[in-house]
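>
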Amino acid sequence: MNVEIKIPGVGESITEGTLALWSVADGSVVIEGQAIFELETDKTTIDVTAPATGTISITVAGGTDVVIDQVVGIVDTDKAETTVKDSAPVVEAHSPAPSGGRITPAAKAEATVKGINTATLTGSGRNGMVTRSDVKEDFKEPRQRSTEIRKPLSRIRKIIAANLRKTQSELVLLTTFNEVDMSAIKAMRRQFGEAFREKHGVKLGFMSFFLKASASTLAAYPEINAWIDGNDVVYREGIHISVAVSTPKGLVTPVVRSVENLSFADIERQIIGFSKKAADKKLLPEDLMGGSFTITNGGIFGSMLSTPLPAPGQSAILGMHAVQDRPAAVNGEVVIRPMMYLALSYDHRLVDGREAVGFLKTIKDTLENPERLLLEL
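Reminder that position 261 of the sequence shown reads as 263 in our numbering, one-by-one numbering, no gaps.
(1) With DSSP as the reference, label residue 55 as helix, strand or coil.
(2) Indicate whether the contact test is met: 3 or more Cβ pairs, each with one atom in the stretch 154 to 173 and one in the stretch 232 to 247, closer than 8 angstroms.
(3) Whether or not the stretch 340 to 358 and the stretch 159 to 166 are in contact is what I'm after, with contact meaning three or more pairs of Cβ atoms, one per stretch, closer than 8 angstroms; do they touch?
(4) Would you give the residue range spanned by the alpha helix (DSSP H) that residue 380 belongs to?
(5) State the DSSP-derived secondary structure class of residue 393, mapped to helix, strand or coil.
(6) Contact between the stretch 192 to 199 and the stretch 280 to 287: three or more CB pairs below 8 angstroms?
(7) Pairs of beta-carbons, one from the stretch 14 to 27 and one from the stretch 53 to 64, closer than 8 angstroms: are there three or more?
(8) Measure the alpha-carbon distance for residue 181 versus residue 322 and round it to whole angstroms.
(9) What's the gap between the Cα of residue 255 and the Cα of residue 296?
(10) By the 10 Å Cβ neighbour count, where 16 or more other Cβ atoms means buried, how is residue 314 classified, buried or exposed?
(11) For residue 303 and residue 81, what's the separation of their Cα atoms in angstroms?
(12) Between 119, 55, 77 and 8, which lies nearest to residue 68 when the distance is taken from Cα to Cα?
(13) Using a Cβ-Cβ cut-off of 8 angstroms (strictly less than) and excluding sequence neighbours within five positions of residue 230, which residues of its own chain qualify?
(14) Bridge partners for residue 4 per DSSP, in chain order?
(15) Can residue 409 and residue 345 be called in contact, C-beta distance under 7 angstroms?
(16) Which one of 310, 342, 267 and 330 has the shortest CA to CA distance from residue 366?
(17) Per DSSP, what kind of secondary structure is residue 190 in: helix, strand or coil?
(18) Would you give the residue range spanned by the alpha helix (DSSP H) that residue 263 belongs to?
(19) Based on the DSSP secondary-structure assignment, which residues constitute the bridge partners of residue 223?
(20) Do you know whose CA, among 41, 53 and 57, lies nearest residue 28's CA?
(21) Which residues bound the alpha helix (DSSP H) around residue 159?
(22) Got a sec? Which residues, its chain only, sit under 8 angstroms from residue 306 by beta carbon, not counting five neighbours each side?
(23) Under 8 angstroms by Cβ, that's how I've got residue 269 and residue 213 pegged, so tell me the actual separation to the nearest angstrom.
(24) With DSSP as the reference, label residue 91 as helix, strand or coil.
(25) Since I believe residue 132 is in contact with residue 111 (beta carbons under 8 angstroms), could you give me their beta-carbon distance rounded to a whole number of angstroms?
(26) Using the Cα positions of residue 75 and residue 347, report the straight-line distance between them to the nearest angstrom.
(27) Taking residue 10 as part of the beta strand (DSSP E), name the residues at either end of that continuous run.
(28) Helix, strand or coil, according to DSSP, for residue 316 in the structure here?
(29) At which residues does the beta strand (DSSP E) containing residue 329 begin and terminate?
(30) Would you report the Cα separation of residue 44 and residue 287, rounded to the nearest angstrom?
(31) Classify residue 105 as helix, strand or coil using the three-state DSSP reduction.
(32) Taking C-alpha atoms, which residue in 205, 179, 201 and 183 lies nearest to residue 191?
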């Protein structure tokens, strides 16, 4: 019996995607539930599994744009063989043996002058010895020491590129900076980190502090949680923060919803869950929709400073950066403190500089006095 392999539906708003690559070869045996190809959509990348056990016939090549319910292959369940037949004997080709590192002195000198890597040469001399004539012959061949390789952009890279162009063309962007002393947060993590892990089963990280600080501050600066749609300002109910997560195929921003109602442990669990789903290519489109503000942490890659870009449908983004010990003036004395630069990029059409500076300063004050988060001050 032939079972069709179809492009699955992955969300109400998703009607098309790209069959990125097949994980199995045409004609191979697949097992029901086995991942057989990657599907890229505007929102995420997912693994699509085999609908049955049998021999697969691929009808649509990798890299092809597809639509939902399109047939891209067939599984023949009548040929569900689970053993691999013995391969045919390999006929040894009669070609010169590799040099194995053996080279005549004259050939070595010639190769040094011409800048040729002798390890890539096949020797024609006795027992694969590389001779001077081998070096000369290699040098006469066209040598493409610097080549270009062209690959089409993946769908997710296309979407990222389109969103960045849209942001830069539609928003009037401005970035303001501040720096925060992370001493209090680091001390709190040292004091309560182990007890937090034992009780909640997750690590107390920096990100939960930043999300809670942002949520309390966004409540006081509603324009930063809003966005411009045509001639209207759209104010959202609740504070839904997109958290940038890096994947091998690009940046994704799953949304932690109603942050104002979540505990530190709730936030840490959600971030861990999103990171795992992103790594396993199991993020759903709805995981990435509805954010009102974004936090991105370039510090995990060692970034000291940046000017991040807000996502479409948002007016601002907060950039975290690497924590570094730096001299700081405290009570008239120079001391070494763990400092982090903060960057707030925002749409200047909606958010004035005074509000942006006030927002960032409030974030700074809250993070430097994290007990305010517990007392809701």
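In this text, a Cβ means the ideal position worked out from N, Cα and C, and glycines have one as well.
Let me lay it out:
(1) By one-based count along the sequence shown, residue 55 stands at place 53. Of the three classes helix, strand and coil, the one that applies to residue 55 here is coil, per DSSP.
(2) no
(3) No, the stretch 159 to 166 is not in contact with the stretch 340 to 358.
(4) Residue 380 falls outside the range modelled here, since the chain spans only 3 to 379, and no answer is possible.
(5) Any property of residue 393 remains undetermined from this structure, which presents the chain solely from 3 to 379.
(6) no
(7) Between the stretch 14 to 27 and the stretch 53 to 64, the count of Cβ pairs shorter than 8 angstroms is three or higher; the stretches touch.
(8) As a position in the sequence shown, residue 181 is number 179, starting the count at 1. As a position in the sequence shown, residue 322 is number 320, starting the count at 1. The straight-line gap from Cα to Cα measures roughly 10 angstroms.
(9) To locate residue 255, count along the sequence shown from 1; it is residue 253. To locate residue 296, count along the sequence shown from 1; it is residue 294. Note on geometry: alpha-carbon atoms of residue 255 and residue 296 lie some 8 angstroms from one another.
(10) Locating residue 314 in the sequence shown gives position 312, counting from the first residue. Flag for residue 314 reads exposed.
(11) Within the sequence shown, numbered from 1, the residue matching residue 303 stands at position 301. Within the sequence shown, numbered from 1, the residue matching residue 81 stands at position 79. For residue 303 and residue 81, the distance between alpha carbons rounds to 49 angstroms.
(12) To locate residue 68, count along the sequence shown from 1; it is residue 66. Answer by Cα proximity: 8.
(13) If you number the sequence shown from 1, residue 230 lands on position 228. 236, 317, 349, 351 and 352.
(14) Within the sequence shown, numbered from 1, the residue matching residue 4 stands at position 2. Residue 4 is bridged to 78.
(15) Nothing about residue 409 can be reported from this structure: the residues present for the chain run from 3 to 379 only.
(16) On the sequence shown, position 364 is the one that residue 366 refers to. Of the candidates 310, 342, 267 and 330, the one whose C-alpha sits nearest the C-alpha of residue 366 is 342.
(17) Numbered from its first residue, the sequence shown carries residue 190 at position 188. Three-state DSSP puts residue 190 in a helix.
(18) Against the sequence shown, residue 263 aligns to sequence position 261. Counting along the chain, residue 263 falls outside any alpha helix (DSSP H), and DSSP gives it neither H nor E.
(19) As a working mapping, residue 223 is identified with position 221 in the sequence shown. Partner(s): none; residue 223 has no beta bridge.
(20) Your numbering for residue 28 matches position 26 in the sequence shown. Residue 28 has its Cα closest to that of 57, out of 41, 53 and 57.
(21) Taking the first residue of the sequence shown as position 1, residue 159 is located at position 157. Unbroken alpha helix (DSSP H) run through residue 159: 157 to 172.
(22) Residue mapping note: residue 306 aligns to position 304 of the sequence shown, counting from 1. Taken in chain order, the residues that qualify are 323, 324, 326 and 343.
(23) In the sequence shown, the residue the question calls residue 269 occupies position 267. In the sequence shown, the residue the question calls residue 213 occupies position 211. The Cβ separation is near 5 angstroms, so the contact holds.
(24) Here residue 91 corresponds to residue number 89 of the sequence shown, with the count starting at 1. Reliability of the predicted coordinates at residue 91 is poor, the pLDDT of 44 falling under 50, and no value is obtained from them.
(25) To locate residue 111, count along the sequence shown from 1; it is residue 109. To locate residue 132, count along the sequence shown from 1; it is residue 130. Between residue 132 and residue 111 the Cβ distance is about 12 angstroms, and since that is not below 8 angstroms, they are no contact.
(26) The residue given as residue 75 occupies position 73 in the sequence shown. The residue given as residue 347 occupies position 345 in the sequence shown. Approximately 46 angstroms between the Cα atoms of the pair.
(27) Position 8 of the sequence shown holds residue 10. No beta strand (DSSP E) contains residue 10, which DSSP labels as neither H nor E.
(28) Indexing the sequence shown from 1 puts residue 316 at position 314. Coil.
(29) The residue you call residue 329 lines up with position 327 of the sequence shown. First-last of the beta strand (DSSP E) with residue 329: 326 to 332.
(30) Here residue 44 corresponds to residue number 42 of the sequence shown, with the count starting at 1. Here residue 287 corresponds to residue number 285 of the sequence shown, with the count starting at 1. About 8 angstroms.
(31) As a working note, residue 105 is residue 103 in the sequence shown. Three-state result, residue 105: strand.
(32) Here residue 191 refers to the residue found at position 189 when the sequence shown is read from its first residue. Looking from the CA of residue 191, the closest CA among 205, 179, 201 and 183 belongs to 205.
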